[in-house]
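Peer 1: Residues in the sequence shown are numbered from 1 upward in steps of one, following UniProt numbering.
We put the beta carbon where it would ideally sit given N, CA and C, even for glycine.
It should be emphasised that the depicted structure is a prediction, and the values quoted were computed from it without experimental measurement.
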Amino acid sequence: MDNIRKMRYLLTFLQGPAKDLVAGFVLTNENYNRALDLLKSRYGNSRAITEALESELMNLTPPNDSSHSLRAFVDSLEKICRQLEAFGAMDQSPFVSTVIKTKLPQSIVAKLIEKERYSQARWDSARLRQELCNLVEINEEVMRFSQLKIRPQGGPIVPPVHQINDYRPRTGHTEQFHSFCVQSRPIQGIQLPPQGKRYCSLCNEGIHFPSECPSFQHLRHVSRD
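#1: Which residue's Cα is closest to the Cα of Asp65: Asn33, Ala110 and Arg42?
#2: Please work out which residues of its chain come closer than 6 Å, Cβ to Cβ, to Ser67, disregarding the five sequence neighbours upstream and downstream, and give them in chain order.
#3: Grouping DSSP H, G and I as helix and E and B as strand, with all else coil, what is Ser66?
#4: Since Arg117 is in the alpha helix (DSSP H), which residue starts that stretch and which ends it?
#5: What's the C-alpha gap between Glu51 and Leu57?
#6: Starting from Asn33 and walking both ways along the alpha helix (DSSP H), at which residues does that stretch end?
#7: In the DSSP assignment, the alpha helix (DSSP H) including Pro94 goes from what residue to what residue?
#8: Would residue 274 pass as a contact of Pro105 if the rule is Cβ separation under 8 Å?
#9: Select from Arg117, Asp124, Phe145 and Lys115 the residue whose C-alpha is nearest the C-alpha of Leu90.
#10: Go to Thr12, then tell me how far its alpha helix (DSSP H) extends in each direction, as first and last residue.
#11: If you follow the alpha helix (DSSP H) that Phe145 is in, where does it begin and where does it stop?
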């Protein structure tokens, strides 16, 4: 590919002030290198870029304990740190790791410190970011389960509408049952009949068969008359 085509592609992807900076160059093989050097001198200062990224890292908004806030923080953190890595500015010093910990909620920092001590190794920023991402994914999974609608345990079980018993005893039946209970002989003080005998079911007093009951005989004579 010749420099003229390269310059055409370069102008296609440039926007804003960067595009205005090289807009006056004519499409020639020599002007491509001149435009590229001008852009590098203005925007290719790696020190200025890394300082801007470090400042952005320092000014990141601290998240809260919610999964949504932690996810937004992790995404912004990864974007900054990956650009710093591209410029070779992610050294082994604990500066970046310290900044990350100062931004996080205490509950998250406690879990990270516990995992770091358990590993018996000093984490660099890459390991810290990986463990932080794992914690955020766990919180998101827990949140998904908590949003499921589960019937509370131990609550009253309400039967379906078609199984509800709407039975109401009739008034007449209740009165007859009450009358029967009032007329019944009390249990205490009852003298049991001799063996093989029983009280009459009509008068509930005599020890005879119902057909021999005087009350039955009286009613039979009355019905004949």
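Peer 2: Based on what the coordinates show:
#1: If we check each option's Cα against that of Asp65, Ala110 comes out closest.
#2: Asn139, Glu140 and Met143
#3: coil
#4: Gln106 to Ser119
#5: 10 Å
#6: Asn29 to Tyr43
#7: Unbroken run through Pro94: none, as it is neither H nor E.
#8: Limits of the chain in this structure are 1 at one end and 225 at the other, which puts residue 274 out of reach.
#9: The question names Leu, yet the displayed sequence has Met at residue 90. Nearest C-alpha to Met90: Asp124.
#10: Asn3 to Phe13
#11: Ser125 to Ser146
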